[in-house]
Amino acid sequence: MTSSVLPPDATLTLGDIVANLPRVPEPLLDETMADPFVLRLTAASPGGARTAGLWMVATTNDQPFAFRLYRFDGGRWVPHLRDGRHCAIFPEGRLPAWWNAGELDPLSPGLPRDLVVARWAPEIDVRHGMLTLHYTARDRAGILRSAYATATAIDGEWTDHGFLDINVRVKDLAPGYPGGPAGGNPVVGMIDGHVATAVDAQGRERTFLLTKVDGNGLQWTDPVTGQRHKAPTPILSHEFHQGADGRITLLGPAKVLLTNGPHHDGLVEGQFVVHEDGQSYLVYSAGFFGNAEYRTYIAKLDLLAHKVWDERLLIDSQSPALGGQWNGPGHPSFVRVGEGLYAMYLHVWRNGTDYSKDGDQRRAIQCHVAFRDLEGRPCAPFVVEARYSTPA
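For the sequence shown, our numbering assigns the number 183 to the initial residue and increments by one for each residue that follows.
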């Protein structure tokens, strides 16, 4: 299915989008596509002209493969086939040996299998003549890890480099944690790797991996007060260097960019950085992923100063952009389609469905975010479909 009558790889204006708004967004594919990540490759990208165009990957949970590839072709998203088979970054029979095979999460042993055998949130970074996949997987001890792999073509052979040693311990987040079945100070999961850059005062481009500490996976009751607690979920920034062999070297300790507040319903996650009009923006989601509580915020960001401010709600379940048919919009990725204009890819739940009763039924949709108004003047970012849509 197409999400718009306009090709998403065209150079568009805000007027083009407004003139062709769908009344209700259609799913990009009629299958589960949680945490959708879309990128545009060019003829100058690794892989060359053969792989130029738009590609999409998504969370695959406990499937025997991980991160199948989809390509925008002929006005719609289709599976990318090789030898007649749907191509995946990690094909069946070739999953990394360190990945979880059903071992329980020590902090949340009651999780369903699709959350235990986790292969989440793939994102592909393009630089230095290579592609780098950042993704989340559990190790054989059940701990969520932020890992990476490299390739010279998106549908070629991928080399897995394992996980980065960046997980924190509970008492780094919650000093009052009284201990539990996993011990007095267990390791906490790390998820949602996203790469962003910033240019410093000397003109050097510096590269950062942003990850989320999965503190919402740890809850406990205070033995004295009986009050229920949940660990914080900071988004951390790890500066790094990547060598010609693809290996990543971390440069110094992680810095906290953002920690969830009372209005975030227990967590922030799914971060993505956009640079526009000389300003960086951090886009991220909050709330429970599995129902209408999930929503997405945008805030200004200074990566070098580790500062986030001016937070605003970007899209939630009440947004007119969802046409009254969808809810729980979150975990965004962005592709620039015009001057100050981006396609934003999100997962959503169809109204009437949620994780507790239906399992994972998330669908990927596309809408647009503008940083310029119809006259081309810089403005606060907004969801185009929310501002200009008519009721369905």
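The beta carbon of each residue, even a glycine, is placed where N, CA and C say it ideally should be.
Please read all numbers here as calculations on a predicted model, not as lab measurements.
Between the alpha carbons of residue i and residue j, how many angstroms are there, rounded?
| i | j | result |
| --- | --- | --- |
| residue 436 | residue 210 | 36 Å |
| residue 393 | residue 256 | 35 Å |
| residue 564 | residue 202 | 17 Å |
| residue 558 | residue 532 | 34 Å |
| residue 239 | residue 514 | 13 Å |
| residue 455 | residue 466 | 9 Å |
| residue 487 | residue 345 | 26 Å |
| residue 410 | residue 359 | 11 Å |
| residue 270 | residue 380 | 31 Å |
| residue 313 | residue 235 | 15 Å |
| residue 391 | residue 384 | 21 Å |
| residue 331 | residue 406 | 46 Å |
| residue 334 | residue 562 | 37 Å |
| residue 289 | residue 442 | 20 Å |
| residue 457 | residue 408 | 45 Å |
| residue 474 | residue 205 | 20 Å |
| residue 403 | residue 541 | 28 Å |
| residue 303 | residue 249 | 9 Å |
| residue 517 | residue 548 | 10 Å |
| residue 539 | residue 214 | 15 Å |
| residue 412 | residue 291 | 16 Å |
According to DSSP, residue i sits in a beta bridge with which residue or residues?
| i | result |
| --- | --- |
| residue 550 | 525 |
| residue 280 | According to DSSP, residue 280 bridges with nothing at all. |
| residue 379 | 389 |
| residue 336 | Per DSSP, none; premise fails for residue 336. |
| residue 423 | 431 |
Assuming residue i and residue j are in contact, meaning their beta carbons sit under 8 Å apart, how far apart are those beta carbons, in whole angstroms?
| i | j | result |
| --- | --- | --- |
| residue 452 | residue 536 | The Cβ separation is near 18 Å, so there is no contact. |
| residue 433 | residue 423 | 6 Å |
| residue 529 | residue 218 | 6 Å |
| residue 479 | residue 493 | 5 Å |
| residue 349 | residue 370 | 6 Å |
| residue 504 | residue 197 | That belief does not hold up - the Cβ atoms of residue 504 and residue 197 are roughly 22 Å apart, past 8 Å. |
| residue 464 | residue 495 | Contact flag wrong, Cβ pair sits at about 14 Å. |
| residue 251 | residue 337 | 6 Å |
| residue 301 | residue 389 | Not a contact, Cβ separation roughly 24 Å. |
| residue 468 | residue 450 | 5 Å |
When we look at the beta-carbon of residue i and count the other beta-carbons within 10 Å, is it buried (16 or more) or exposed?
| i | result |
| --- | --- |
| residue 551 | buried |
| residue 567 | buried |
| residue 193 | exposed |
| residue 399 | buried |
| residue 485 | buried |
| residue 387 | exposed |
| residue 260 | exposed |
| residue 328 | buried |
| residue 367 | exposed |
| residue 341 | exposed |
| residue 305 | buried |
| residue 500 | exposed |
| residue 326 | buried |
| residue 426 | exposed |
| residue 510 | buried |
| residue 263 | exposed |
| residue 382 | exposed |
I want to check one thing, is the minimum distance from the CB of residue i to the heavy atoms of the ligand HEM below 7 Å?
| i | result |
| --- | --- |
| residue 500 | As presented, the structure is devoid of all ligands, the ligand HEM included, so that no description of it is given. |
Does the segment 517 to 528 come within contact of the segment 540 to 555, defined as at least 3 CB pairs closer than 8 Å?
-> yes
Item to check | the segment 292 to 299 contacting the segment 211 to 231, beta-carbon criterion three pairs below 8 Å | outcome: no
Q: Check whether the segment 275 to 289 touches the segment 224 to 235, taking contact to mean three or more Cβ pairs, one atom from each stretch, closer than 8 Å.
A: no
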